[in-house]
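Residue 114 in the numbering used here is what sits at position 62 of the sequence shown, and the numbering runs on without skipping anything.
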Amino acid sequence: MSAPAPVHESRKLLEMAEGYRLTQVLYATASLRIMDHLRNDARTAADLARLAQAHEPSLRRLLQALVSLGLVTRHGERFSATASGECLAADRPGSIRSRVLFHGGVLYTHWADLCHSVRTGETAYQRRYGTDAWTVRQNVSAAGTAFDDAMHELATERAALVADAYDFHGLTTLVDVGGGRGAFLAGILRAHPRLGGVLFDRPAVVAAAAAVLTAAGVAERCHVVAGSFFESVPSGADGYILSVVIHDWDDAAATAILRRCRRAMEPHARLVLVERVIPDDREAALDVWLSDLNMMSQLGGRERSAAEFQALLAGAGFRLARILPTDGAFSIIEAWPTMP
């Protein structure tokens, strides 16, 4: 008979298993807009219950958990948000509220199907709805809005990292392929005042782009084009960028997207991908592997290594030039068209 595992090892595993509780604490806090109500003023539990339309005794218990997490401080009967807690407030620079709502809502529910995905290769959307995630998001407004809100928030953060890490000088026009509402492209254009842009995504998504581009002060330098990157991509630009687009798709679909880009590009144009890259030390890459499982179980996509990106690009008519790190989880992959 083997010896029992040390208590600290079993406890560590149990803490991992209980991680769902923290996810739902953050989700409830974001849903009730607790940090929005605390952002400018300390409040009592009764005040917060009234503003959040919540049950006061239950809310008080949630607040105590937030105090223990360091997201809220308590002074007598009044509660106030810490700097960390304020990140759950909406419309705040650096806010993660939309992503917490997406993780604690849609993804939280769908990750219950991970075992099914591993057994069968089906995504959670195929199991639950009989179709893919993009069709569901297009037909169910709440699902599409939750995803678009989360991606808009992440794109704003990611744009700053990419603008700092990559030299866009020398380009005149940058096409953001699958660019969502335009937050990512807006951030790049703000950092490079001489650069023009083209935002390209599905009609329902780019419908909200005008307000984003105008608020960023770049609308006059950016054209908005609606369409599908499986059909065509706007031509004539000298720069094409796809930010966390390729990992959504399997190799066949990703190759099709890249070939559409190649068809639109002149020989001197350059392609830039912003993606996670699986490092050589695969055992240390938990964040990447969790993202890979997310792509697999939700979309049928995948994260890729440098060698896998090189092969993918070669199959679509590109030569991998270099991979640059950023200060975040994403890398910048630069590629050039190969001669036919």
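Cβ coordinates follow ideal geometry from the N, Cα and C atoms, glycine included.
The alpha-carbon separation between Thr197 and Phe154 amounts to approximately 10 Å.
Looking from the CA of Tyr292, the closest CA among Cys274, Leu265 and Val250 belongs to Val250. For the region 204-264, the full-length beta strand (DSSP E) segments reaching 3 residues or more read 225-229 and 248-253 along the chain. Take the alpha-carbon of Arg322 and the one of Trp388: they are about 5 Å apart.
Judged by beta-carbon spacing, Val258 lies beyond the 8 Å limit of Ala289, meaning their Cβ atoms are not closer than that value.
Under the DSSP assignment, Ser343 falls outside any beta strand (DSSP E), being part of the alpha helix (DSSP H) whose first and last residues are Leu338 to Asn346. The DSSP-derived three-state label of Leu78 is helix. In the three-state scheme derived from DSSP, where H, G and I count as helix and E and B as strand, His299 is classed as helix. Residue pairing for Ser83: DSSP places it in no beta bridge. The straight-line gap separating the alpha-carbon atoms of Thr266 and Leu372 is approximately 35 Å. In this structure, His162 lies near Gln350, with their beta-carbon atoms less than 8 Å apart. Between the alpha carbons of Ala260 and Pro58 lies a gap of roughly 54 Å. Taking the CA atoms as reference points, Gly222 sits about 12 Å from Pro245. DSSP, reduced to helix, strand and coil, places Ala117 within a helical segment of the structure shown.
Using a Cβ-Cβ distance cut-off of 8 Å, the region 133-147 and the region 116-123 are in contact, since at least three pairs of beta carbons, one from each stretch, lie closer than that value. Of the candidates Ala235, Glu67 and Tyr218, the residue whose Cα lies closest to the Cα of Ala262 is Ala235. Secondary structure note for Ala185: it is in no beta strand (DSSP E), and the uninterrupted alpha helix (DSSP H) holding it is Ala185 to Asn191.
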